[in-house]
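The structure appears below as structure tokens.
Protein chains in written order, with my numbering: chain A, 2 to 353; chain R, 2 to 353.
In structure tokens, the structure reads:
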């Protein structure tokens with residue numbers, strides 16, 4: 002161990018209550034993962050940019066403001082109704098750039114393939130990556146392929162990192178939500194999680210539910226063109242809508258209230274959740290986003306999103322309140338109030 | 002399948018002779034991997050930047066010329082003499098940026114952890130990442146953590162992607178080598194591969210051989226400050242020195258000749274290779290680089306590298322010849338000539 006390592010070790014404590022080993026919950030997007038990041042990664046890396054914990058980092062290079070983001074996809078199964086790990090990897094990273102207020106410029110692609118993975122499946126996934134890129138208008142410009150021994154992977158894992166260029170005049174960030182702001186969601190929540198879960202377990206849902214996996218970029222563009230004063234955007238992936246709101250409430254040190262009856266959830270998602278004991282507010286989306294906007298701009302922002310077919314299901318679901326700093330409260334259908342907490346892990350592991 | 006997918010599928014044929022499944026050799030950096038890239042990835046992604054197949058891509062954003070690169074590390078074991086998967090991930094990506102003639106600006110970090118991986122090992126690796134970053138002066142600005150079920154990983158896989166800013170006045174690229182240019186290597190080759198192999202198999206080498214894993218940035222800076230006309234740089238990782246030279250010969254459409262007696266190889270690496278039937282010219286380095294420079298600048302470039310302790314072992318090993326376009330020839334110690342080909346896969350899998 003050299004001096005640098007000693008120094009870094011000192012600044013990098015073990016997270017508490019972890020039983021000494023990595024658990025599935027450490028990757029679930031919930032409280033356990035937050036502890037790992039806050040107690041181990043942030044002290045070690047000491048980066049102001051990382052510490053903001055947005056969907057991506059904003060990096061200034063010369064006169065350019067760039068967004069930079071990374072995501073590894075380990076979704077199981079790799080093919081599911083409405084998409085596959087390839088399209089998901091492109092959508093996920095482009096959406097993270099969009100959430101920073103950036104236009105995507107270039108993607109990288111890192112593949113970890115398991116020995117014995119079917120070439121035809123790889124071909125399908127590569128085609129799907131190419132199709133998603135071409136639909137969005139972004140290119141894979143650099144890549145890396147690794148193969149691991151049979152039994153040391155799960156077919157395919159994909160890392161996509163992305164560079165985007167920040168739109169001028171847009172200043173969004175997880176810490177910018179303020180009292181009085183309105184909260185919008187771009188469509189029904191939970192489709193992705195339930196579609197993947199059904200595919201994983203061979204459950205035939207009554208209707209043909211598909212993942213919402215998609216690039217939110219066209220919707221975000223339409224909204225920002227109309228309302229450049231949007232404060233915060235976030236895509237509710239692992240941990241779903243509730244977790245994304247909890248993170249914003251903490252980052253902005255505000256209280257948030259949402260109305261259960263206003264949150265769009267498809268009947269088939271609600272039905273599957275009731276059957277399986279899930280809460281749709283915690284189920285992952287991969288083609289939706291949350292926007293926090295000044296109240297007086299909320300109607301205009303909502304109209305801009307709803308004007309596009311993919312945004313027809315957008316709704317205003319709540320507001321930023323002054324009470325209970327850092328807390329998210331749900332006003333239920335019967336009018337009572339319930340605090341939404343981050344789960345320890347996640348209801349559905351390996352959803353993305 | 003939508004139209005985009007159909008389109009992409011058409012442009013994305015299966016590689017030949019692959020038996021229908023992914024093999025270890027597809028990740029080995031040799032001919033099999035090149036086939037996968039050339040026959041499946043390049044037609045699918047149709048990116049001019051990707052098609053250049055440098056260590057990273059050069060992307061222009063506004064007035065800035067940026068380098069962008071990605072690498073996933075699956076080295077087994079994750080700890081080895083001279084480094085670990087964490088420091089290796091930082092060195093590997095920073096070196097790829099350096100090979101583009103770029104100064105590193107920001108790194109991303111994507112972790113795939115296997116359920117049950119020891120937190121203490123993760124802590125060690127995170128500290129090692131932080132230490133390597135701090136030594137180089139680059140930051141991890143964005144990250145992602147995924148956990149996969151026990152038996153679906155191998156402890157830890159790390160993706161690091163990096164953004165760098167191209168030094169002004171430097172124009173390096175794999176296609177720029179020209180007849181008459183001299184070929185330099187920054188130090189003895191094969192240390193990393195043999196050190197990892199020894200650690201993997203519990204082989205006690207006679208001397209304490211360490212991986213050469215290190216950032217080559219200080220050496221590259223010193224060389225480029227003195228000789229800005231350097232044509233091509235490449236770090237000989239998977240597939241070693243021979244494979245890197247083969248790739249350059251093909252990209253630049255030139256013939257290359259190197260002198261076996263001029264290539265620095267440590268006696269303990271040579272000994273281990275003889276014992277195990279490896280060719281040190283194909284064994285991976287993680288802290289060395291090749292530079293192709295105009296012959297009249299070769300002495301100056303070599304002196305600049307040798308002036309630093311880490312570059313003391315740098316040597317001039319050969320030249321770009323006009324004969325046999327695209328071929329690499331070794332002049333052996335006894336004066337005969339042997340063509341160096343790309344291996345099908347790699348001698349040592351999962352070396353990085």
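Every residue gets a Cβ at the ideal spot worked out from N, C-alpha and C, and that includes glycine. Here the structure is a predicted model, which is why all the values come from computation and not from measurement.
The beta carbons of residue 175(R) and residue 235(R) sit about 7 Å from each other, so the pair counts as a contact at 8 Å. For a Cβ distance threshold of 7 Å, residue set 23, 24, 25 of chain R lies close to residue 116(A), ordered along the chain. Within 7 Å of the CB of residue 351(R), the CB atoms of chain A belong to 149, in sequence order along the chain.
Interface with chain R (7 Å Cβ-Cβ cutoff): residue 283(A) is excluded.
Residue 319(R) counts as buried, since no fewer than 16 other beta carbons sit within 10 angstroms of its beta carbon.
When secondary structure is reduced to three states using DSSP, residue 97(A) falls in the helix class.
In the structure shown, residue 172(A) adopts coil according to DSSP, grouped into three states. Burial check for residue 104(A): the Cβ neighbour count within 10 Å reaches 16 or more, so the residue is buried. Against chain A, a Cβ distance below 7 Å from residue 154(R) picks out 153, 154. DSSP, read as helix, strand or coil, puts residue 33(R) in helix. Taken through DSSP and simplified to helix, strand or coil, residue 317(R) comes out as strand. For residue 123(R), the chain A residues whose Cβ falls inside 7 Å of its Cβ are 23, in order along the chain. The beta carbons of residue 29(A) and residue 350(A) sit about 6 Å from each other, so the pair counts as a contact at 8 Å.
Going by beta carbons, residue 338(R) and residue 330(R) fall inside the 7 Å limit.
Boundaries of the alpha helix (DSSP H) around residue 201(A): 192–202.
Interface flag for residue 318(A) against chain R is unset, since no Cβ pair is found closer than 7 Å. Under DSSP, residue 260(A) forms a beta bridge with 332(A).
For residue 222(R), the secondary structure class from DSSP, reduced to helix, strand or coil, is helix. None of the residues of the segment 178–205 of chain R has a beta carbon lying less than 8 Å from any beta carbon of chain A.
Taken in chain order, the complete beta strand (DSSP E) segments of 3 or more residues contained in the segment 110–184 of chain R are 140–149, 157–167.
As DSSP reads the structure, residue 84(R) sits in a beta bridge with 81(R). As DSSP reads the structure, residue 69(A) sits in a beta bridge with 58(A), 164(A). With a threshold of 16 other beta carbon atoms within 10 Å, residue 169(A) falls short and is exposed.
Under the 10 Å beta carbon count, residue 307(A) is surrounded by 16 or more other beta carbons and is classified as buried.
No Cβ-Cβ contact shorter than 7 Å links residue 271(A) with residue 186(A). In terms of Cβ geometry, residue 228(R) and residue 178(R) do not form a close pair [threshold 7 Å]. Assigned with DSSP and collapsed to three states, residue 42(R) falls in helix.
Within the DSSP secondary-structure output, residue 293(R) pairs in a beta bridge with 184(R), 233(R). For chain R, the residues of the segment 57–71 of chain A that bring a beta carbon within less than 8 Å of one of its beta carbons are 57, 58, 60, 62, 63, 64, 65, 67, 69, 70, 71, in chain order. For residue 335(R) and residue 87(A), the gap between their C-alpha atoms comes out near 52 Å. Within the segment 71–84 of chain R, those residues whose Cβ lies closer than 9 Å to any Cβ of chain A are, in chain order, 71, 72, 73, 74, 75, 77.
Think of a sphere of 7 Å around the beta carbon of residue 145(R): the chain A residues whose beta carbon falls inside it are 71, 72, 73, in chain order.
In the three-state reduction of the DSSP assignment, residue 105(A) falls in the strand class, which pools E and B. Assignment of beta-bridge partners to residue 251(A) by DSSP yields no partner.
Leaving aside the five residues that flank residue 66(R) on each side, the residues in its chain whose CB is nearer than 7 Å to its CB run, in chain order, 59, 167. A Cβ-Cβ distance of about 6 Å is found for the pair residue 70(R) and residue 94(R), placing them in contact under the 8 Å criterion.
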